[in-house]
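Okay, so here's the structure we're looking at.
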Amino acid sequence: MPPILVTGVAGFIGFHLAARLLDEGREVVGIDNLSDYYDVGLKRARLEQLRGRNGFSFEELDIADDARLRALFETHHFELVFNMAAQPGVRYSLVNPQAYVKSNIEGFVNLLEACRHNAVKHLVFASSSSVYGAVTAMPFSVHQNVDHPVSLYAATKKADELLAHSYSHLFRLPTTGLRFFTVYGPWGRPDMAVFSFTKSILAGEPIDVFNNGEMQRDFTYIDDIVEAVVRVGDRPAAPDAAWTGADPDPATSSAPYRIFNIGNHSPVKLMRLIEVLEEKIGKKAIKRMAPMQPGDVLATYADVDELARAVDFAPRTPIETGIERFVVWYRDFYRV
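Residue 259 in this note's numbering sits at position 239 of the sequence shown, with consecutive numbering throughout.
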C-alpha cells in the first residue's frame, strides 16, 4: 500500500494520528511547518516520539508552499490524506488574520489541487465546532445551517468545507470534513484551557475564568478523536443517493462528500473542569473572573449520531478519566 500523508504531524492531533497509524503497521509520511504559534520545543518533542519508528518519515514543509507540496505528492503517490495542518486558535485570529488565510485557505486549496491531480482516493480534513458560530440550538447537528461564524478562524474552517465540496462535485474527489469539539489529552496544545489551567495551578498562578465560568464545552479526549478519524479514513465519502437540491442537507451531497461531528456528546461546565483539575492535581486554583472574549461561544455540544451510524463509534471517555491521564503526562513531561 502507498504511504498515508498526515499534514500537521507535529501538532497535537496530527501527532497522535500518526502514532496510531504506525501502531497499525501503516507507512506514514508526515509534514509540518513547525510554526511558532506555540512552543516549537513541544512540537519537536512530539516528532522525536515518531522519528525512528518503522514506516515513518518527516519533511518540514508548509502546505502553503504549492511547488514543494506538488513535488511531495508526485514522489509518494498518496491514496489517503489526513489534513490536520491549520493555523488554530479563535482569539489569535483577531490579531493575525493573514496567518489564517495563508494556512487554512491558501494552503488547503493547494492540498485540494494536489489530491485532484494525483488520484487521491480520500481526503479527510480537520474542521471545527467553531463553525456553528451563532447557532444556539443544541446539540449541534451536521444537518444544521452554519452560515453565521463569529470568528475569522471559524470562517476559514467553514470555507474549507465549501472548498472541499466544490472539488468533490467537480472532480469526484472523496472528501470528509471532521468538526472537532475541544480536544484535550497528553501532548495537548498549550493555548487550550486544560493545558494552560494545569500549568498555572501547579505554578500557583491565577487562571482566567471567562464569562465568570458560565461556559460549557464538549471536551473530547484525544484517543476518542483518533479512533474516529482512523475509522472515517478507511471509509471514503460516497454520494448520497437521497440528496436533493430542493431540500439540501449540509452534511451530505450528491458528490462524494461528508461532514461529521466528533465530540463527547457531554458538555462540561468550565467550573466543573476546574474542579476536576483541582482534584487530579491536588491543589486549588486561584480564579480570576473575566468577561466573555470576542469570538468565543457560550457552549458547544455535539450530536454524534451520524458518526456512530457511519463508523460504529462515538467518543465516550469521561472528563475525569481524560484529565487524570493528562495531568500524569504533564507532570512527567515537565518534571513537575
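Yeah, the Cβ is synthetic: ideal placement off N, Cα and C, and Gly gets one too.
8 Å Cβ cutoff met for residue i and residue j
i, j, result
"Val162", "Phe239", "no"
"Phe217", "Asp180", "no"
"Pro270", "Val166", "yes"
"Ile24", "Phe102", "yes"
"Leu290", "Val229", "yes"
"Phe201", "Gly283", "yes"
"Pro256", "Ser274", "no"
"Leu327", "Asn281", "yes"
"Ile33", "Ile245", "yes"
"Gly253", "Leu100", "yes"
"Val151", "Ala174", "yes"
"Leu70", "Phe35", "yes"
"Arg345", "Gly205", "yes"
"Phe160", "Glu247", "no"
Residue i classed as buried or exposed, judged by whether at least 16 other C-beta atoms fall within 10 angstroms
i, result
"Tyr354", "exposed"
"Ala106", "buried"
"Leu182", "exposed"
"Asp267", "exposed"
"Ile306", "exposed"
"His185", "buried"
"His168", "exposed"
"Met104", "buried"
"Pro335", "buried"
"Lys63", "buried"
"His142", "buried"
"Val348", "exposed"
"Ala30", "buried"
Helix, strand or coil at residue i [DSSP, three-state]
i, result
"Ser148", "strand"
"Val347", "helix"
"Gln107", "coil"
"Arg73", "coil"
"Thr341", "helix"
"His4", "One cannot answer for residue 4 here, as it falls past the ends of the chain, which runs 21 to 356."
"Val214", "helix"
"Lys219", "helix"
"Asn124", "helix"
"Val356", "coil"
"Val60", "helix"
"Asp85", "coil"
"Leu100", "strand"
"Pro22", "coil"
"Thr196", "strand"
Below-8 Å beta-carbon distance, residue i vs any chain B residue
i, result
"Arg111", "Judged by its chain identifiers, the structure shown contains no chain B, having just a single protein chain."
Cβ distance (whole Å) where residue i is taken to contact residue j below 8 Å
i, j, result
"Arg90", "Ala134", "6 Å"
"Gly197", "Ile301", "Not a contact, Cβ separation roughly 35 Å."
"Asn231", "Pro311", "7 Å"
"Ser171", "Val110", "5 Å"
Within the stretch 269-325, ranges of the beta strand (DSSP E) (whole runs, at least 3 residues)
Taking only runs of at least 3 residues, the beta strand (DSSP E) segments lying wholly in the stretch 269-325 are 277-282, 306-310.
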